[in-house]
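Undergrad:
In our numbering, the protein residues as written are 3 to 277.
#1: Do you know how far the Cα of residue 198 is from the Cα of residue 150?
#2: How many whole angstroms separate the CB atoms of residue 47 and residue 53, which I take to be in contact at a CB cut-off of 8 Å?
#3: Rounded to the nearest angstrom, how far is the Cβ of residue 267 from that of residue 242, given a contact under 8 Å?
#4: Quick check: the Cα distance between residue 51 and residue 72, rounded to an integer number of angstroms?
#5: Is the beta carbon of residue 76 sitting closer than 8 Å to the one on residue 270?
#6: What residue does the beta strand (DSSP E) around residue 277 start on, and which one ends it?
#7: Roughly how many whole angstroms lie between the Cα atoms of residue 86 and residue 200?
#8: Can you name the start and end residues of the alpha helix (DSSP H) that residue 36 belongs to?
#9: Where does residue 225 fall in DSSP's three states?
#10: What distance in whole Å lies between the Cβ atoms of residue 83 and residue 152, which are believed to be in contact at a cut-off of 8 Å?
#11: Buried or exposed: which applies to residue 63, given that a residue is buried once 16 or more other Cβ atoms fall within 10 Å of its Cβ?
#12: For residue 87, name the three-state secondary structure that DSSP assigns.
#13: Under 8 Å by Cβ, that's how I've got residue 204 and residue 229 pegged, so tell me the actual separation to the nearest angstrom.
#14: Within the same chain, show all residues whose beta-carbon is closer than 6 Å to that of residue 180, passing over the 5 residues directly before and after it, in chain order.
#15: Where do the ends of the alpha helix (DSSP H) carrying residue 71 lie?
#16: Have a look at the DSSP bridge pairing and note the partners of residue 194.
#17: Between the Cα of residue 142 and the Cα atoms of 93, 43, 33, 265, which residue gives the shortest distance?
#18: Which residue from 167, 207, 66 puts its Cα closest to that of residue 238?
#19: Just how far apart, CA to CA, sit residue 33 and residue 167?
#20: Suppose the cutoff is 8 Å on Cβ atoms and the five residues either side in sequence are ignored; what does the same chain contact list for residue 90 look like?
#21: Determine the direct distance from the alpha carbon of residue 272 to that of residue 194, and round the result to whole angstroms.
#22: Do residue 265 and residue 95 have their beta-carbon atoms positioned less than 8 Å apart in this structure?
#23: Whole angstroms are fine: how far does the CA of residue 66 sit from the CA of residue 43?
#24: Kindly identify the DSSP beta-bridge partner or partners of residue 52.
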């Protein structure tokens with residue numbers, strides 16, 4: 003037997019002598035706290051009826067007929083909540099290609115005058131430059147989080163994104179380009195609240211944060227819907243992002259290009275934990 007706070011008990015005793023036709027009724031709950039059930043039963047109160055509660059105790063004032071209806075409703079609602087395990091799979095693909103196209107030469111025009119382009123061998127001469135590089139791959143990561151039916155769980159997405167920086171230096175009249183990579187933190191997330199109806203799962207998604215992407219004016223959006231329906235034990239995609247970048251640069255007799263694409267996706271699967 004759970005204890006009743008002294009202040010609430012005093013209110014009940016002071017109110018018991020009024021509204022004799024509709025006295026206060028106390029309903030003890032077994033599995034779900036009063037604050038979870040109050041929003042569900044209040045719309046079904048008779049006009050002039052009231053309901054409040056604390057911890058695992060409901061206090062209701064309504065007609066006897068309405069009280070019987072509410073008791074039947076509470077019996078259906080006051081059941082043990084199912085414990086769930088949410089699997090979160092984050093993954094994506096990345097591909098890039100690039101190359102140098104042109105001609106390399108080192109030409110002497112006279113005393114102290116020299117033109118360099120590309121990577122010609124020492125001395126006056128020229129050669130054709132054609133270099134292509136293609137890369138690609140896929141990476142998936144799976145996490146798990148426990149929650150109760152009807153309770154929100156926070157899922158963090160995103161991570162560190164490599165960002166290339168280019169620096170050009172001049173030495174001896176020759177320009178040299180240096181590339182360095184730093185990582186940009188692009189973490190976001192969302193809350194997911196699972197609700198069950200038999201084997202069907204309703205997922206309520208609420209975004210927490212969407213940070214700007216690497217390119218100016220872009221965002222890494224990883225929450226695409228408010229409500230998604232699926233079934234226990236089945237994967238469902240809840241969001242994703244696509245990013246593409248192209249860059250071109252040129253020198254005398256030399257042309258460089260680089261392009262890349264990245265796709266990211268988030269999938270969820272809900273399982274019931276049975277003991």
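Heads up, the beta-carbon is just placed ideally off N, CA and C, and yes, glycines get one too.
In this text the structure is predicted, and so the values were computed from the model without any measurement.
TA: Looking at the coordinates:
#1: Near 10 Å, if we compare the C-alpha coordinates of residue 198 and residue 150.
#2: 6 Å
#3: 4 Å
#4: 12 Å
#5: Taking 8 Å as the Cβ cut-off, residue 76 and residue 270 do not qualify as a contacting pair.
#6: No beta strand (DSSP E) contains residue 277, which DSSP labels as neither H nor E.
#7: 13 Å
#8: 36 to 43
#9: For residue 225, the predicted structure reports a pLDDT of 48, less than 50, and the residue's modelled location is therefore unreliable. A value from the coordinates is still provided. Annotated three-state conformation of residue 225 is coil, per DSSP.
#10: 6 Å
#11: buried
#12: strand
#13: 6 Å
#14: 169
#15: 66 to 79
#16: 155, 207
#17: 93
#18: 207
#19: 57 Å
#20: 144, 145, 146, 147, 157, 268, 269, 270
#21: 11 Å
#22: yes
#23: 15 Å
#24: In the DSSP output, where bridge partners are listed per residue, residue 52 has 63.
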